[in-house]
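> I'd like to ask some things about the structure below.
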Amino acid sequence: MLFKRLLAVIPVVFGVLLLTFLLVHLIPGDPVEVMLGESATSADRTQLRADLGLDQPLPTQFANYLGKLAQGDFGRSIHSHNEISSVLAERIPATAKLALLALAIALLIGLPLGIVAALHHLHWPDRLATLSSLTLSAMPHFWLGPLLMLVFALWLGWLPVSGMESGSSIFLPALTLACGLAAILTRMTRASLLETLNEDFVRTARAKGLPERLVVLRHALNPALLPVVTVIGLQLGSLLAGAVITETVFGWEGIGRLLVESIEKRDYPVTQACVLVIALTYVLVNLLTDLAYGQLDPRVGRGK
Amino acid sequence: MSKAALVILLFWVAAAMAAAWLTPDIIHLDFILCSPNHAHWLGNDDLGRDILARLCAGARVSLTVAATVTLVTFSVGTSVGLVAGYFGGWLDRLLMNITDVFLAFPGILLAIAFAAVLGYGVNNLILALCLTSWVGYARLTRAQTLALRGRQHVLAAQVLGASTPRILLHHLFPLLLAPLLVEATFSIASLIIAEASLSFLGLGIQAPSASWGAMLRDGTRYLLVAPHYVLAVGVSLMSLVLAVNMLGDALRDRLDVRNEC
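So the protein sequences, as listed, match chains W and B.
Under the numbering used here, the residues of the first sequence are numbered 283 to 586, in order.
Under the numbering used here, the residues of the second sequence are numbered 213 to 473, in order.
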């Protein structure tokens, strides 16, 4: 099962590499012309074409691309001429910090809210939790971000508006990223716990005369949280995609901001590298989630 | 609840149609960043343009893009799913490997990448969204087709010599329609958000055309002096997305579709 799962990742990773490689070739017209603009001399163009290897046949280009990637070489930025790998190394920690804090906040909000909602099924805490999670899921980051900025930075003055200068700058973007995930976690925890509370073993625990608190904490909660683990894994990748927008809103210098800047400057090698790194991280996180799921739930995988 | 959602949706559809008679591009220099007033009910933007009129024009873009992309991806995705699920074998494996690759890009990332290389403007925006959002339909249709292709009535049709297109369209497709319609409704909501996201990043609709994403970007810039700008656009976007999602929920309950894929 483990081996099979690992094997299944290979074609996906290959496809991701191929698709990101082909991105530059989707540029209508001559990519070199688009990247350099009209003022470039023909010597510059020839130079860049050779640097990017665009003067070679496609399969050779792809092979070279893979070979360089294997050595951790993402090429150079057209704009700043810096090694892309060192730019990435600078930006990735900022995004990782943001995503992990967002995940922590989402767990702190989502899990308790989901549990409370399930335990008060169809009463007002449940309705309130359902309604707020529905509302939050209709609030994309580029609307929630400015709203939180307005309330917490401009009206209340508790947190800095944007940037990365002070230590508390991270809270608003992290909260922005966290809200959508918290909404999903609330819904999932609620649904999963409700289902578990109907299981036979819960009825047995109740019949034994256990207090409801122990029934929930000791018997129902653990199995109920299993599907939530999968959701967290899947959503961690979406956090990275959400970071593209959130980092832009708050001027957070992470990989998402780097992606948007590179698009604005038509610095396509950087764009390519950012897309690739985010997608591969997503694939990796999904794989780890799958594996963790097998470890957590004794019912999964052993028999097969 | 779903009646309220329907009213909100119809309101925005009407607003989008009314946009043809409004003048969202007229600049009133005396009204730059004015808060809501008699002449301009939701206030004015950074060029003194009427925010309400621009919201209507933005709704028009948003709904047109969402509807177009949904029509295209519904047809393409469903066809791919039907073919993959019905024929199975290497074709199925190939097509599903392709969908796996597309699903390996989280959220809107791939659409951003496509929009970035294709260039700006509404046509490329639609193309970028089409390229990335057919996958959901393909997966859903394939899973359902796999489950249905062994049914008696399909076997009967095969034995009676019905052509493959006939079996796919007349014997399988009608049974898939309910879950697909639910999927399509939810996808309209996410397409509205996706269009706004790309326009927010400057990749979609270009100035001076109105779009909700670009308006949110401009509004964020003037958050301190004119909070009404961001609030008006944000609430509009939220109301439309919420309404479509609630209709999706209602449709799912009505059609008794369970969340399977």
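From the three backbone atoms N, C-alpha and C, an ideal C-beta is built for every residue, glycine too.
Nearest chain B C-beta to Met431 of chain W closer than 8 Å, yes or no?
Chain B contact via Cβ: present.
> Between the beta-carbon of Tyr349 of chain B and the beta-carbon of Glu395 of chain B, is there less than 8 Å?
In contact: Tyr349 of chain B and Glu395 of chain B (Cβ atoms closer than 8 Å).
> Short of 9 Å Cβ to Cβ, which residues in the region 302 to 335 of chain B face chain W?
Against chain W - using a Cβ distance shorter than 9 Å - the residues of the region 302 to 335 of chain B are Asn309, Ile310, Asp312, Val313, Phe314, Leu315, Ala316, Phe317, Pro318, Gly319, Ile320, Leu321, Leu322, Ile324, Ala325, Phe326, Ala327, Ala328, Val329, Leu330 and Gly331.
> Indicate the three-state DSSP secondary structure (helix, strand or coil) for Glu247 of chain W in the structure shown.
In the structure as shown, chain W starts at 283 and stops at 586, and residue 247 of chain W therefore has no counterpart that could be examined.
> Go ahead and pull the three-state DSSP assignment for Arg272 of chain B.
DSSP places Arg272 of chain B in helix when its eight states are reduced to three.
> Quick one: what's got a C-beta closer than 6 Å to Cys556 of chain W's C-beta in the same chain, skipping five residues either side?
Once the five neighbours on either side are set aside, the close Cβ partners of Cys556 of chain W are Ile537, Leu540 and Leu541.
> From the DSSP output, in three-state form, read off Arg351 of chain B for me.
Three-state DSSP puts Arg351 of chain B in a helix.
> Closer than 8 Å by C-beta to Thr302 of chain W: which residues in its own chain qualify, once you throw out the five before and the five after it? Chain order, please.
Counting only Cβ-Cβ distances below 8 Å, and skipping sequence neighbours, we find Gln554, Val557, Leu558 and Ala561.
> Looking only at its chain, what residues have a beta carbon closer than 7 Å to the beta carbon of Leu457 of chain W, apart from the 5 residues adjacent to it on each side?
Result list for Leu457 of chain W: Ile387 and Leu430, in chain order.
> Under the three-state reduction of DSSP, which class applies to Arg361 of chain B: helix, strand or coil?
Correct three-state label for Arg361 of chain B: coil.
> Who are the near neighbours of Leu395 of chain W in its chain, counting only those whose CB is closer than 7 Å to its CB and skipping five residues on each side?
Counting only Cβ-Cβ distances below 7 Å, and skipping sequence neighbours, we find Ala411 and Thr468.
> Please report how far the alpha carbon of Glu529 of chain W lies from the alpha carbon of Ala384 of chain W, in whole angstroms.
Taking the straight line joining both Cα atoms gives about 13 Å.
> Taking all protein chains shown into account, do 16 or more other C-beta atoms lie within 10 angstroms of the C-beta of Met317 of chain W, making it buried, or fewer, making it exposed?
With 16 or more Cβ atoms within 10 Å of its Cβ, Met317 of chain W is classed as buried.
> Please report how far the alpha carbon of Leu358 of chain B lies from the alpha carbon of Val288 of chain B, in whole angstroms.
Rounded to the nearest angstrom, the two C-alpha atoms are 18 Å apart.
> Would a C-beta distance cut-off of 8 Å place Leu516 of chain W and Thr571 of chain W closer than the cut-off?
Yes.
> Compute the distance between the beta-carbons of Trp406 of chain W and Pro455 of chain W, then report whether it is under 8 Å.
Not a contact, by the Cβ cut-off of 8 Å.
> Here's a check: name, in chain order, each residue in its chain whose Cβ is nearer than 6 Å to the Cβ of Thr377 of chain W, leaving out the five neighbours to either side.
Ala525, Gly536 and Ile537.
> Measuring CA to CA, which of W:Leu521, W:Glu372, W:Ser448 and W:Leu578 is closest to Pro509 of chain W?
Comparing Cα positions, the closest option is W:Leu578.
> If you draw a straight line from the alpha carbon of Asp333 of chain W to that of Val306 of chain W, how long is it in whole angstroms?
Looking at the two C-alpha atoms, the distance is approximately 14 Å.
> Rounded to the nearest angstrom, what separates Ala435 of chain W and Cys461 of chain W at their Cα positions?
Cα-Cα distance, rounded: 17 Å.
> Kindly list the residues whose CB is nearer than 6 Å to the CB of Phe356 of chain W, restricted to its own chain and excluding five residues on each side of it in sequence; keep chain order.
For Phe356 of chain W, where only same-chain residues beyond five positions count, the Cβ hits under 6 Å are Ile366, Ser367 and Ala555.
> For Cys473 of chain B, which residues from the same chain have a beta carbon less than 7 Å from its beta carbon, with the 5 sequence-adjacent residues on both sides left out?
At Cys473 of chain B, the pLDDT of 40 sits below 50, so the modelled position is not reliable; the number obtained from the coordinates is stated separately. Once the five neighbours on either side are set aside, the close Cβ partners of Cys473 of chain B are Arg351, Leu352 and Ala355.
> Using the beta-carbon of each residue, which ones in chain W are nearer than 7 Å to Ala435 of chain B?
Sequence check: residue 435 of chain B is Leu here, not Ala. Those are Pro428, Met431, Leu432 and Leu436, listed as they occur along chain W.
> Identify whether Asn336 of chain B lies in helix, strand or coil by the three-state DSSP scheme.
Helix, per DSSP.
> Any C-beta of chain W within less than 8 Å: which residues of the region 401 to 433 of chain B qualify?
Within the region 401 to 433 of chain B, the qualifying residues are Ala401, Ile405, Ala408, Ser409, Phe412, Leu413, Gly414, Leu415, Gly425, Leu428, Arg429, Gly431 and Thr432.
> According to DSSP, simplified to helix, strand and coil, what is Asp262 of chain B?
Strand at Asp262 of chain B.
> For Asn256 of chain B, which of helix, strand or coil comes out of DSSP?
Of the three classes helix, strand and coil, the one that applies to Asn256 of chain B here is strand, per DSSP.
> Name the residues in the region 436 to 459 of chain B whose C-beta lies less than 7 Å from a C-beta of chain W; which are they?
Within the region 436 to 459 of chain B, the qualifying residues are Leu436, Pro439, Val442, Gly446, Leu449, Met450, Val453, Leu454 and Asn457.
> My parser needs the alpha helix (DSSP H) runs of 4 or more residues fully inside the region 328 to 397 of chain W; what are they?
Those alpha helix (DSSP H) runs which fall completely within the region 328 to 397 of chain W and span 4+ residues are 340 to 352.
> In the DSSP assignment, find the unbroken alpha helix (DSSP H) run with Asn504 of chain W in it and report its ends.
Leu503 to Phe532 is the extent of the alpha helix (DSSP H) around Asn504 of chain W.
> Could you work out which residues of chain B lie near Trp425 of chain W, taking near to mean beta carbons separated by less than 7 Å?
Simply Leu428, Gly446, Leu449 and Met450.
> Skipping 5 residues on each side, what residues in its chain have a beta carbon closer than 7 Å to that of Ala574 of chain W?
Val511.
> Is there a C-beta anywhere in chain D that falls below 8 Å from the one on Met421 of chain W?
Here the protein chains are W and B, and chain D is not one of them.
> With 16 as the cutoff for other CB atoms within 10 Å, does Ser362 of chain W come out buried or exposed?
Under this definition Ser362 of chain W is an exposed residue.
> According to DSSP, is Tyr550 of chain W helix, strand or coil?
In this structure, Tyr550 of chain W counts as helix in the three-state DSSP scheme.
> Near Ala328 of chain B, which residues of its chain fall below 7 Å by C-beta distance, leaving aside the five closest residues on each side in sequence?
Hits under 7 Å: Leu415.
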